[in-house]
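Asks: Take a look at this one; I'll ask things after.
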Amino acid sequence: MDSSDLERDLRTRAFGLGRPPGPDGRIGIEVELIPVDAESRRVVGPEGTAGAIRDRTAALGWSESISAFGAPRFHTPGGGTVSYEPGGQIEFSSPVRETVRGLVTETRGVVHILREVLGEAGVDLVSRGIDPFNPADSARLFLSNERYTRMAAYLEDYGDAGRRMMRQTAAIHVNLGLGADPLGRFELLQRLTPYLIAIFANSSVYAGAQTGFRSFRARQWRLLDPRRTGLVEGPDAVSGLLGSALAAPALFFGSDGDPLLPFEAWIREGEVTMADWHRHLSTLFHEVRARGYLEVRAIDALDPVDYGAPLVFLVGITHDRRAAESAMEILPAATSDDLERAASSGLRDERLRRVAEELWDLALTGAGRAAGGVLCEADLEQARDFAARYVRQGLDPAAETDAEDLGALAPAS
44 MDSSDLERDL RTRAFGLGRP PGPDGRIGIE VELIPVDAES RRVVGPEGTA GAIRDRTAAL
104 GWSESISAFG APRFHTPGGG TVSYEPGGQI EFSSPVRETV RGLVTETRGV VHILREVLGE
164 AGVDLVSRGI DPFNPADSAR LFLSNERYTR MAAYLEDYGD AGRRMMRQTA AIHVNLGLGA
224 DPLGRFELLQ RLTPYLIAIF ANSSVYAGAQ TGFRSFRARQ WRLLDPRRTG LVEGPDAVSG
284 LLGSALAAPA LFFGSDGDPL LPFEAWIREG EVTMADWHRH LSTLFHEVRA RGYLEVRAID
344 ALDPVDYGAP LVFLVGITHD RRAAESAMEI LPAATSDDLE RAASSGLRDE RLRRVAEELW
404 DLALTGAGRA AGGVLCEADL EQARDFAARY VRQGLDPAAE TDAEDLGALA PAS
């Protein structure tokens, strides 16, 4: 196997090129929450939350299994999954839906159940992009399988940023269909990334103090290995992703303690299988990931009341041809500096704010044309309300949550 085989795999499996396009309306959402003790504000791991979920949701039709990482996993009657991330974060992954209609209500309903049953056990679920209470040196690794222990060892080279990213961050991921032009949609989403960071910034407080960043979560990603994070750069998405993947250190080859070699070095050794390649790709965390669908990763965790806003924004721009074309006309190619500025200043940056307002107008217009099928009026109204509360005012969700975190919720001692 050589790089040409890997390029073909990316083209067909990751980007769906050369295959008939699937349904364009398919969408999913993943929301992460940080469980903390209601009194001490210290993070509570699976050993302190899984039992409460198990005991209190069985009567609701939830079932339990064990994930590939050895952690409890719960399945909701609607087809979603509740699982754990390495730092103890709880994640709800929705089933794939054909429309946004009902998806927001379903996701909010699951989070409401989780908050209710864990609240009874003395655990709060925090919807922030990063743990606002605890410092990096207190962050535990709750999942200790091979994947996460090797990744944790690799991230130690990046100091506190590596520890924070893996163990203390929480995001919303929106999964979109590839559409008729996967490479064009991928590029559009990359150009939108700085605005997604700025619009939905919700992590200005960390370890009980202001950070100087609107999205301190996004800041952590900028401090990590650029070969496997940030934007995919190159003449096109396939060649750019291939180059990044070949250059990125291979975490699952070699013995513990040995220097990590680029993936392409193992190809030259002739020891790579397609399964190895796919596993390696799963350790690349660009802001937009092509996985047979497009995973958008730039959004901080939000309060459930605002779950509809990123869905309407992204569907309105990407699924409406006129909105997508207009967005491409006003968006230059994104750069790492753009991501850094968005994380630091958010919509306080006048250029980001001005373009963000234009994008919201496009999104709402595009979403309005989709109403009645993909979206319902309640979804649109929630998105309009989010734009009025934040975007039109040059504000972000952190403008409200930072005061709560610094005031009513005391940091851990």
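Heads up, the sequence shown is in our numbering, so the first residue is 44 and it goes up one at a time.
A virtual CB, placed ideally from N, CA and C, is assigned to each residue, including glycine.
Hey, would you say Ser-246 sits closer than 7 angstroms to Arg-171, going by beta carbons?
Replies: Yes, Cβ-Cβ distance for Ser-246 and Arg-171 is below 7 angstroms.
Asks: So, Ser-258 versus Ala-377, is the Cβ gap smaller than 7 angstroms?
Replies: No, the pair does not count as a contact, with Cβ atoms beyond the cut-off.
Asks: So the candidates are Ala-57, Leu-374 and Gly-71; which of them puts its Cα closest to the Cα of Pro-237?
Replies: For the residues Ala-57, Leu-374 and Gly-71, the minimum Cα distance to Pro-237 belongs to Leu-374.
Asks: If you draw a straight line from the C-alpha of Leu-232 to the C-alpha of Leu-303, how long is it?
Replies: Spanning the two alpha carbons is a distance of roughly 31 angstroms.
Asks: For Leu-405 and Met-371, what's the separation of their Cα atoms in angstroms?
Replies: Cα to Cα, the separation comes out at about 11 angstroms.
Asks: Is it buried or exposed, Glu-75, if we count other Cβ atoms within 10 angstroms and call 16 or more buried?
Replies: The residue is buried, with at least 16 neighbouring Cβ atoms inside 10 Å.
Asks: So Thr-361 packs on Leu-219, CB below 8 angstroms; how close in whole Å?
Replies: That belief holds up - the Cβ atoms of Thr-361 and Leu-219 are roughly 6 angstroms apart, short of 8 angstroms.
Asks: With H, G and I counted as helix, E and B as strand and the rest as coil, what does DSSP make of Ala-288?
Replies: Note: Ala-288 maps to helix in three-state DSSP.
Asks: In chain order, which beta strand (DSSP E) runs of at least 3 residues are fully inside the segment 133 to 220?
Replies: DSSP runs (the beta strand (DSSP E)) wholly in the segment 133 to 220: 133 to 136, 166 to 169 and 214 to 219.
Asks: What is the DSSP secondary structure of Ala-455, reduced to helix, strand or coil?
Replies: For Ala-455, the predicted structure reports a pLDDT of 45, less than 50, and the residue's modelled location is therefore unreliable. The matter cannot be settled from this model.
Asks: Looking only at DSSP bridge pairs, what is Ala-333 linked to?
Replies: DSSP lists Leu-337 as partners of Ala-333.
Asks: Pairing CB atoms from the segment 345 to 361 with CB atoms from the segment 143 to 152, are three or more of them under 8 angstroms?
Replies: Verdict: yes, contact present.
Asks: Who are Ser-126's beta bridge partners in DSSP?
Replies: Paired residue(s): Glu-134.
Asks: For Phe-295 and Arg-193, which I take to be in contact (beta-carbon distance under 8 angstroms), what is that distance rounded to the nearest angstrom?
Replies: So it is a contact: roughly 6 angstroms between Cβ atoms.
Asks: Take Leu-423 and list the residues in its own chain whose beta-carbon comes closer than 8 angstroms to its own, dropping the five residues that flank it on each side.
Replies: Within the same chain, Leu-423 has close Cβ partners Val-355, Leu-407, Ala-410, Gly-411 and Ala-414.
Asks: When we look at the beta-carbon of Ser-456 and count the other beta-carbons within 10 Å, is it buried (16 or more) or exposed?
Replies: Only weak support is given to the placement of Ser-456: the predicted model assigns it a pLDDT of 45, under 50, and the question is left unresolved by the model.
Asks: When burial is assigned at 16 or more other CB atoms within 10 Å of the CB, is Ile-109 buried or exposed?
Replies: Under this definition Ile-109 is an exposed residue.
Asks: Can you list, in chain order, the residues of its chain with a C-beta nearer than 6 angstroms to that of Ala-164? Leave out the 5 residues immediately preceding and following it.
Replies: Ala-95.
Asks: Hey, is the segment 310 to 323 in contact with the segment 75 to 89, meaning 3+ C-beta pairs nearer than 8 angstroms?
Replies: As far as the Cβ criterion goes, the segment 310 to 323 does not touch the segment 75 to 89, which means the pair count is below three.
Asks: Reducing DSSP to helix, strand and coil, say where Arg-116 ends up.
Replies: Strand, per DSSP.
Asks: With distance defined between alpha-carbon atoms, name the residue in Ser-298, Val-281, Asp-363 and Arg-364 nearest to Leu-324.
Replies: Out of Ser-298, Val-281, Asp-363 and Arg-364, Val-281 has the C-alpha closest to the C-alpha of Leu-324.
Asks: Consult DSSP for Phe-229 and reduce its assignment to one of helix, strand or coil.
Replies: Phe-229: helix per DSSP, three-state reduction.
Asks: What is the DSSP secondary structure of Pro-269, reduced to helix, strand or coil?
Replies: If DSSP states are grouped into helix, strand and coil, Pro-269 belongs with coil.
Asks: Measuring CA to CA, which of Ala-196, Ala-291 and Leu-239 is closest to Gly-300?
Replies: Of the candidates Ala-196, Ala-291 and Leu-239, the one whose C-alpha sits nearest the C-alpha of Gly-300 is Ala-196.
Asks: In the segment 377 to 422, which residue ranges form an unbroken alpha helix (DSSP H) of at least 4 residues, counting only runs that do not cross its ends?
Replies: Counting only runs of 4 or more, we get 379 to 388 and 393 to 413.
Asks: List the whole-angstrom C-beta distance separating Ile-173 from Arg-260, where the pair is believed to meet the contact cut-off of C-beta under 8 angstroms.
Replies: 5 angstroms between Cβ atoms; contact.
Asks: Just to confirm the assignment, what range does the alpha helix (DSSP H) spanning Phe-106 have?
Replies: Sequence inspection shows Ser at residue 106; the Phe mentioned does not correspond to that position. First-last for Ser-106: 106 to 109, but that is the beta strand (DSSP E), not the alpha helix (DSSP H).
Asks: Excluding five sequence neighbours on each side, which residues of the same chain lie with their C-beta closer than 6 angstroms to the C-beta of His-216?
Replies: Cβ neighbours of His-216 beyond the five flanking positions: Glu-73, Glu-338 and Arg-340.
Asks: Ala-213: which of Tyr-127, Phe-117, Glu-401 and Phe-306 sits nearest, CA to CA?
Replies: The residue with the shortest Cα to Cα distance from Ala-213 is Tyr-127.
Asks: At what residues does the beta strand (DSSP E) containing Gly-71 begin and finish?
Replies: First-last of the beta strand (DSSP E) with Gly-71: 70 to 80.
Asks: Measure the CB-CB distance between Gly-273 and Ser-379 and report whether it falls below 7 angstroms.
Replies: Going by C-beta atoms, Gly-273 is nearer than 7 angstroms to Ser-379.
Asks: Do the CB positions of Ile-240 and Val-169 come within less than 7 angstroms of each other?
Replies: No, Cβ-Cβ distance for Ile-240 and Val-169 is not below 7 angstroms.
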